[in-house]
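**Q**
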Amino acid sequence: MRSRHRADRLLPPLVSRAGVTVLLVFIAVPVLYLIVLALSPNSTVALGGAGVRHLTLRNFADMWSAAPIARGIVNSVIIAGISAALAVILGVGAAYPLARLSFRARKPLLYSLLGSQSVPGLALLLPLYIMLAGIQGILGVRLIGGFPAIIAVYMTFGLPLATVVCFVYLRGLPRDLEEAAMVDGCTRLGALRWVVAPLMAPAMVVSLVFAFLVGWNDVLFASALQNQTVAVTLEQFGLAQAEGFGAQPLYGDLMAAALVSAVPVVALYLAFQRYLVHGLAAGALSGT
Amino acid sequence: MSQPDTAAGLTAAKAGPPGAGGGIAARPRRPRRPWWPWWPRRPRRREPAVWLVAPGTLFFALIVGIPLVIVVWTSFLRIGSGNIASWATAPFAGLGNYETGLTGPNVLGVSVLESVWISVKFSVLATVASTPIAFFAALSVYHSFRGRALLRSVYLLPYVIPGFVVALLAQLAFHDNSGAVDRLLAALHIAPVSTFWLIGPNAFWAMTFTEVWEVWPFIYLLLLAGLQAIPRDQLEAATVDGAGWWARLRYVVIPQLKGIYALAFALSTLFHFGNFTLPYIMFGNTRPAATVTLPVNIYYIAFNGFDFGIASATAVFNVLLLAVPAAVYLWVVRFRPARRAAA
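Protein chains in written order, with the numbering used here: chain A, 1 to 288; chain B, 289 to 631.
1) Anything in chain A within Cβ reach of B/Glu335, meaning under 7 angstroms, just list it in chain order.
2) For chain B, check one thing: does any of its Cβ atoms lie closer than 9 angstroms to the Cβ of A/Val31?
3) By the 10 Å Cβ neighbour count, where 16 or more other Cβ atoms means buried, how is B/Gly309 classified, buried or exposed?
4) Would you kindly check if the distance between the Cβ of B/Leu582 and the Cβ of A/Leu37 is under 9 angstroms?
5) Compare the beta carbon distance of A/Arg104 and A/Pro97 with 9 angstroms and say whether it is the shorter of the two.
6) Use the C-beta contact count for A/Ser65: other C-beta atoms within 10 angstroms, 16 or more gives buried, fewer gives exposed.
7) Is the beta carbon of B/Thr565 sitting closer than 9 angstroms to the one on B/Ala455?
8) Bridge partners of B/Leu365, per DSSP?
9) Which of the residues in the segment 219-243 of chain A, read from start to end, lie with their CB under 7 angstroms from any CB of chain B?
10) Under the rule that 16 or more other beta-carbon atoms within 10 Å means buried, what is B/Tyr539, buried or exposed?
11) Give the C-beta separation of B/Leu340 and A/Gly158 to the nearest angstrom, bearing in mind that I take them to be a contact with Cβ-Cβ under 8 angstroms.
12) Are three or more beta carbon pairs between the segment 73-92 of chain A and the segment 178-185 of chain A nearer than 8 angstroms?
13) Could you tell me whether any Cβ in chain B is nearer than 9 angstroms to the Cβ of A/Gln248?
14) Between the C-alpha atoms of A/Ser207 and B/Thr483, what's the straight-line distance to the nearest angstrom?
15) Compare the C-beta of B/Ile367 with all C-beta atoms of chain A and state if any pair is closer than 9 angstroms.
16) Within the 9 angstroms Cβ cut-off, does A/Ala67 reach chain B?
17) Can B/Gly488 and B/Pro576 be called in contact, C-beta distance under 9 angstroms?
18) I'd like to know whether the C-beta atoms of B/Val500 and B/Ile518 end up nearer to each other than 9 angstroms.
19) Of the choices B/Ala599, B/Phe594 and B/Gly514, whose alpha-carbon is the least far from that of B/Asn371?
20) Count the other CB atoms within 10 Å of the CB of A/Gln117; is the residue buried (16 or more) or exposed (fewer)?
21) Got a sec: is the Cβ-Cβ distance from B/Arg434 to anything in chain A below 9 angstroms?
22) With 9 angstroms as the threshold, decide whether the Cβ of A/Thr156 is near any Cβ in chain B.
23) For A/Arg171, is the classification buried or exposed, using 16 other Cβ atoms within 10 angstroms of its Cβ as the cut-off for buried?
24) Between B/Leu473 and chain A, is the shortest Cβ-Cβ distance under 9 angstroms, so that the two count as touching?
25) Exposed or buried, A/Gly140, counting other C-beta atoms within 10 Å across all chains shown (16 or more means buried)?
26) How is the alpha helix (DSSP H) around B/Tyr430 delimited, first residue to last?
27) Along chain B, which residues have their Cβ under 8 angstroms away from the Cβ of A/Val266?
28) Let me confirm a value: A/Arg188 is counted as buried when at least 16 other C-beta atoms fall within 10 Å, else exposed. Which label applies?
29) Using only alpha-carbon positions, find the residue among A/Ala152, A/Glu243, A/Ile35 and A/Leu14 that is nearest to A/Ala84.
30) Within the 9 angstroms Cβ cut-off, does A/Met255 reach chain B?
31) Does chain B have any CB closer than 9 angstroms to the CB of A/Thr56?
32) Report all residues from its chain with a CB closer than 7 angstroms to the CB of B/Ala599; omit the five preceding and five following residues, and keep chain order.
33) Please state the DSSP three-state secondary structure of A/Pro97.
34) Below 8 angstroms on the Cβ atoms is my guess for A/Gly145 versus A/Gln226; work out the distance and round it to an integer in Å.
35) Below 8 angstroms CB to CB, which residues in the same chain sit around B/Ile312 once its five sequence neighbours on both sides are set aside?
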C-alpha cells in the first residue's frame, strides 16, 4: 500500500511544491492584474497606477454607456447560442450513422471532419466573404452584417467537434439497448429518438458548451461578417481608446467589460473541464 | 477557425475497439439471385437513418468545401475593390497573384514570405517554450492530494479566458511606461521603464510571451491525459524494484509520453500558426512589422487593401503550407488504436 502511494509521485515533494508556487504566481499575476484594472478608476489606469488602494465598482456601471457592450453581449448570446444549438442537433444526427452504420461515405466524412481543423480560417473567410457579396449583389438581400450568415458559419465550425464528441460517446454506449428497442418494434429512428438520445445528454451538453464558445470567442469571422459581437465590440472599444488623441482613455471601463465577457465563459469551461480531460484520457488510452 | 480544445475531442476519437462502428450487427440476408439474368434486381434497401448525416454534410460542403474550391479559383483572378460582388467575371491573372502576393510589398509593408517566417518562429517558439511548463504542470497534479481538482482548474485558467480578453489585457500590460511589465522590469532594474514593447522588434517577444501564457495548458491537458493512460502497475513495479522518481520518470513515463507529445507539438504549433486574435488585437493601433503574422497579413491584404485575388493566392499558399503537418496529424489519428499499441 505504501509503495503504491509512493509510486504516484513523479517529482520530489520539495521540487513539486516550489514549482507549483512559481507556476501559480505566473498564472495568477495577470489574472489579478485584469481584476485590479477593472476595479480601478480610468484616470489611475491611464497613468499606470494600478493599486489596491482606490478600488471602485464604478467601471461596471459606466462601461455600458462608454461602448455598445450590452448590444455586443446580446448579439453574441443570440449568435453563439443559436449556432451551438443547431451544431448539436446536426452533430448528433451525423454522429449516429457514423458510429453505428456502414456506408460508403463514412471514412471520407470522418477524415474531412478531422482535416477541416487544419484549414486556416482565412482560406475560408475570403471565399465566404466574396460568395456572400456576390449573392448580395444578385439577390439584393443583406447577408454581410446580418445574423443568418454568421450563425451558419459558426454552426459549421462547431459541427466537427460536436460530431466527434457524440461519435466517441456513442461508441461507448452498448448497442443492445437500441437493438432491444428495435426487436420490440421500434424503427431505428425511433430507437435513436427514444432510447439513444436521452442517454446521450452529457455528450450533447458538452458539445453545446464548446460550440457556444466557438462563436463567443471568434474575432476573425466576426470582424468581417458581423462586427457587432461582444469580441469585436471590445476590440473596437480598445482601439478607440488607444487612438484617443489626447482624450483620457477609458481603460478601466475596457477592462471591466473584458472581465464581464470572460467570467461566464470561464465558468462554463471550468464546469465542464472534467469532460474535457476525460475525452482526452479516452483518446490517449489507445496509445498514440 | 478552430479552438485548441477542438483537438481534445478529436483525439478522443481514437478510442474504442478496432472496427467498432463498421457494419450493422444483423443485416437480413439478401435473397439468392435467380439464374435468369433479366430479372429486375431488387434495389438494395438503405437504412433510412443513414440520411441523418446529410444536413451536417450539406452545411459542411457549403461553408468549408465550396469555399475551398472558390479560393483556389479566385487566386487566379484579378479582384479589386471594384469587382468584389462580380468576382465570377473578373479577369484572369494566371500565376501573377502568387508572384506579387508572396514577394511584393503590401499594405503593411511586410511581404508574405517574411510573414511566413514570423509565423513559423512565433508558433514553434511558443510551443517549445510551453513544453517545460506543461510537462511540469502535468507531473505536479498526477499523484493524489487534497486540492488537486482545484489546482487542475487553476492550471486551465489562462487557456479558458477568451483570447480577445487576454489580448486586450496584454496590450495594457505591455503598454509603454504605464504598463505593468515596464514598471515591474524597471523596479527590478532589469530594463528601462520605457522599453517599447508594442512597437519595434520587442513586440515579437511580447506577443510570444503572451501566447505562451495563454496556450501552454493545451499541451498540459494532452500530457496529463497521456500520463493517466500509463498503467499504474508499471510505476508500482518500478518502485518495488527500487526506482526513484527520476528513474520512474526517465524509464517509465517519458518513453510512454513521446507519442502524445508529438501530437501535442503538432497541434499546438498548428494552432499558434493560425492565431489571428492575439496579434490582431494586441497591436491594434501600432501594428509593428515584427508581429505581422501570416493570418494578419492576409487579412490586411483582403480587407484593407481590398485585393482579393492576391489575398486568395496567399491563403491558398497558407493551406498548402499547413497541409504537411495536417496530413501527419490525420495519419496519427486514424480512428482506430495504433497497431503498435495493440501488438
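C-beta: ideal position from N, C-alpha, C; glycine also.
**A** Reading off the structure:
1) Leu101 and Arg188
2) yes
3) With a pLDDT of only 40 at B/Gly309, under 50, the local geometry of the prediction cannot be trusted, and the value read off the model is given with reservation. With 16 or more Cβ atoms within 10 Å of its Cβ, B/Gly309 is classed as buried.
4) no
5) no
6) Flag for A/Ser65 reads exposed.
7) yes
8) B/Phe380
9) Val219, Leu220, Ala224, Ala231, Leu234, Glu235, Gly238, Leu239, Ala242 and Glu243
10) exposed
11) Not quite, the Cβ-Cβ distance comes to about 17 angstroms (not below 8 angstroms), so this is no contact.
12) no
13) no
14) 44 angstroms
15) yes
16) no
17) yes
18) Not a contact, by the Cβ cut-off of 9 angstroms.
19) B/Phe594
20) buried
21) So, not an interface residue.
22) yes
23) Around the beta carbon of A/Arg171, 16 or more other beta carbons sit within 10 angstroms, so the residue counts as buried.
24) no
25) exposed
26) Here B/Tyr430 belongs to no alpha helix (DSSP H), and DSSP marks it neither H nor E.
27) Neighbours of A/Val266 in chain B, taken as residues at a C-beta separation under 8 angstroms, are given in chain order as Leu445, Val448 and Ile449.
28) buried
29) Minimum Cα distance to A/Ala84 is reached at A/Ala152.
30) Interface residue, yes.
31) no
32) Ile586, Ile589 and Ala590
33) helix
34) 6 angstroms
35) Residue confidence is low: B/Ile312 scores 46 on pLDDT, short of 50, so the model does not pin down where it sits. No coordinate-derived value is stated.
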